[in-house]
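Asks: Here it is, the structure in full.
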Amino acid sequence: MLDATNRSGGTATARPRAGSSDLAVAVPTAAPAPAPAPGPAGRCVRVLLSPWSRLSLLVVLLASAAAVMVVLEPQQVLTDGLPARLGGVVGVVAYAVAYGACTVAFVPRPLLNLAAGALFGSQFGLVAALGGTVLGAGLAFCLGRVLGQEALRPLLRGRWLKAADNQLSRHGFRSMLAARLFPGIPFAAANYCASVSRMGLLPFLLATALGSIPNTAAYVVAGARASTPTSPAFLIALACIALPGLAGAVVAWRKRHRLRAG
1 MLDATNRSGG
11 TATARPRAGS
21 SDLAVAVPTA
31 APAPAPAPGP
41 AGRCVRVLLS
51 PWSRLSLLVV
61 LLASAAAVMV
71 VLEPQQVLTD
81 GLPARLGGVV
91 GVVAYAVAYG
101 ACTVAFVPRP
111 LLNLAAGALF
121 GSQFGLVAAL
131 GGTVLGAGLA
141 FCLGRVLGQE
151 ALRPLLRGRW
161 LKAADNQLSR
171 HGFRSMLAAR
181 LFPGIPFAAA
191 NYCASVSRMG
201 LLPFLLATAL
211 GSIPNTAAYV
221 VAGARASTPT
231 SPAFLIALAC
241 IALPGLAGAV
251 VAWRKRHRLR
261 AG
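Residue numbers (our numbering): 1 to 262.
Structure, rendered in structure tokens:
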């Protein structure tokens with residue numbers, strides 16, 4: 001409100017009423033307390049869970065598995081055979097599990113496929129070999145995804161590496177299917193390359209199962225009919241092994257020649 005007119009006849013000046021904001025007193029706020037520094041245990045856990053620590057663990061695991069396979073010599077199963085208690089379905093399942101572990105340890109799949117055919121015949125041998133192939137591929141994929149992907153993805157800087165990663169990430173199923181059908185691509189290399197990409201596990205396993213049938217079946221039949229090397233089945237199996245390998249070598253040579261020419 002305005003004050004009344006003063007006695008000298010002048011008009012009164014307006015005096016604004018003090019608002020609540022003018023009466024408020026600034027209260028200093030306390031600064032947030034700094035986060036406590038991690039103790040020795042926290043720093044140790046952080047180091048152990050870092051990407052490069054996990055990658056180092058993967059390398060140690062794979063090297064240890066390969067060393068164990070060298071000591072155990074799993075190829076002796078071809079001469080000694082399976083134990084008597086591992087017959088029938090139990091033997092097929094046990095061989096598939098051992099097959100998967102051997103592929104993770106870089107044991108060559110052709111030897112394992114030949115052994116499957118020699119031990120179980122064509123039909124059960126194919127089941128054991130395909131089961132072991134999918135199991136081994138899945139184990140390698142999961143190990144690479146959990147222990148190696150985070151450390152290795154920042155290293156995908158080259159043009160060819162980026163192109164391969166993009167192909168596997170965007171067209172995972174058909175790319176892996178082609179890799180399994182093409183005989184020149186190593187099995188373990190395809191597993192770990194797929195694990196570093198953003199390809200899903202289910203398309204990877206499905207493409208592995210379908211793409212591995214022709215080559216695996218040829219080796220299994222050759223192993224099952226090795227005692228009769230002049231039989232038509234053995235000769236057809238050898239042709240199915242040799243012809244894709246020859247075609248792959250020709251394609252690789254042409255690509256190499258074009259790169260040199262360019």
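Cβ atoms here follow ideal geometry from the backbone N, Cα and C, with glycine treated the same way. Everything numeric in this text was worked out from a predicted model, so none of it was measured.
Please state the DSSP three-state secondary structure of I185.
Replies: One-based indexing of the sequence shown puts residue 185 at position 185. I185: coil per DSSP, three-state reduction.
Asks: Need the endpoints of the alpha helix (DSSP H) that T208 sits in, please.
Replies: For this step, residue 208 is matched to residue 208 along the sequence shown. T208 -> alpha helix (DSSP H) spans 201-211.
Asks: Where does S227 land, buried or exposed, given buried means 16+ other C-beta within 10 angstroms?
Replies: Stepping through the sequence shown from its first residue, residue 227 is reached at position 227. With fewer than 16 other Cβ atoms within 10 Å, it is exposed.
Asks: Just to check my reading of the structure: L152 and L62 have Cβ atoms closer than 8 Å, yes? What is that Cβ distance to the nearest angstrom?
Replies: Taking the first residue of the sequence shown as position 1, residue 152 is located at position 152. Taking the first residue of the sequence shown as position 1, residue 62 is located at position 62. The pair is not a contact, with the Cβ atoms about 14 Å apart (cut-off 8 Å).
Asks: Report yes if the CB atom of P244 is closer than 9 Å to the CB atom of P183, and no otherwise.
Replies: Taking the sequence shown and counting its residues from 1, one reaches residue 244 at position 244. Taking the sequence shown and counting its residues from 1, one reaches residue 183 at position 183. Yes, these two residues count as a Cβ contact at 9 Å.
Asks: Is the separation between the beta-carbon of G158 and that of S197 shorter than 9 Å?
Replies: Here the question's residue 158 lines up with position 158 in the sequence shown. Here the question's residue 197 lines up with position 197 in the sequence shown. Not a contact, by the Cβ cut-off of 9 Å.
Asks: What three-state label does DSSP hand E150 in the structure shown?
Replies: Taking the first residue of the sequence shown as 1, we reach residue 150 at position 150. Helix.
Asks: Given a threshold of 16 other Cβ atoms within 10 Å of its Cβ, counted over all protein chains shown, does S64 qualify as buried or as exposed?
Replies: In the sequence shown, counting from the first residue as 1, residue 64 sits at position 64. When all chains shown are included, S64 counts as exposed.
Asks: Does the ligand FMN have a heavy atom nearer than 8 Å to the CB of L206?
Replies: This structure lacks the ligand FMN, and indeed carries no ligand of any kind.
Asks: What's the C-alpha gap between L82 and C240?
Replies: Residue mapping note: residue 82 aligns to position 82 of the sequence shown, counting from 1. Residue mapping note: residue 240 aligns to position 240 of the sequence shown, counting from 1. Taking the straight line from one Cα to the other gives about 28 Å.
Asks: Between V70 and chain B, is there a C-beta pair that is closer than 9 Å?
Replies: Of the protein chains in the structure, only one exists, and it is not chain B.
Asks: Can you give me the C-alpha to C-alpha distance between A163 and E73, rounded to a whole angstrom?
Replies: Here residue 163 refers to the residue found at position 163 of the sequence shown. Here residue 73 refers to the residue found at position 73 of the sequence shown. Rounded to whole angstroms, A163 to E73 spans 39 Å at the Cα level.
Asks: Ignore the nearest five residues each way along the sequence and tell me which others in A179's own chain have a CB closer than 6 Å to its CB.
Replies: Position 179 of the sequence shown holds residue 179. Taken in chain order, the residues that qualify are I185, A190.
Asks: By the three-class DSSP mapping on this structure, what secondary structure does L58 have?
Replies: Taking the sequence shown and counting its residues from 1, the one referred to as residue 58 is at position 58. In this structure, L58 counts as helix in the three-state DSSP scheme.
Asks: Short of 6 Å in beta carbon distance, which residues of its chain neighbour V107, apart from the five on each side in sequence? Order them along the chain.
Replies: Along the sequence shown, read from residue 1 onward, the residue named residue 107 stands at position 107. Counting only Cβ-Cβ distances below 6 Å, and skipping sequence neighbours, we find M69.
Asks: Check for me: the alpha helix (DSSP H) holding A105 runs from which residue to which?
Replies: Along the sequence shown, read from residue 1 onward, the residue named residue 105 stands at position 105. Taken as a continuous stretch (DSSP letters only), A105 belongs to no alpha helix (DSSP H), as it is neither H nor E.
Asks: Closest by CA to A209, which one among A115, G87, V93, A128?
Replies: The residue you call residue 209 lines up with position 209 of the sequence shown. Considering only alpha carbons, the answer is A128.
Asks: How should S231 be labelled, buried or exposed, when 16 other C-beta atoms within 10 angstroms of its C-beta is the threshold for buried?
Replies: Residue 231 sits at position 231 when you count from the first residue of the sequence shown. S231 is exposed by the Cβ-count criterion.
Asks: Looking only at C-alpha atoms, which of L147, E150, W160, G138 sits nearest to A207?
Replies: The sequence position of residue 207 within the sequence shown is 207, counting from 1. The candidate whose alpha carbon is nearest that of A207 is G138.
Asks: Can you check whether the CB of G132 is closer than 9 Å to the CB of V90?
Replies: Taking the sequence shown and counting its residues from 1, one reaches residue 90 at position 90. Taking the sequence shown and counting its residues from 1, one reaches residue 132 at position 132. No, they are not a contact pair.
Asks: From the DSSP output, in three-state form, read off P51 for me.
Replies: Reading the sequence shown from its first residue, position 51 is the one you call residue 51. Reduced to three states, the DSSP call for P51 is helix.
Asks: In three-state DSSP terms, what is A269?
Replies: Outside the modelled stretch of the chain, which goes from 1 to 262, sits residue 269, for which no answer is possible.
Asks: Among residues of its own chain, excluding the 5 on either side of R170, which ones have a beta-carbon nearer than 7 Å to its beta-carbon?
Replies: By one-based count along the sequence shown, residue 170 stands at place 170. Correct list: empty, nothing qualifies.
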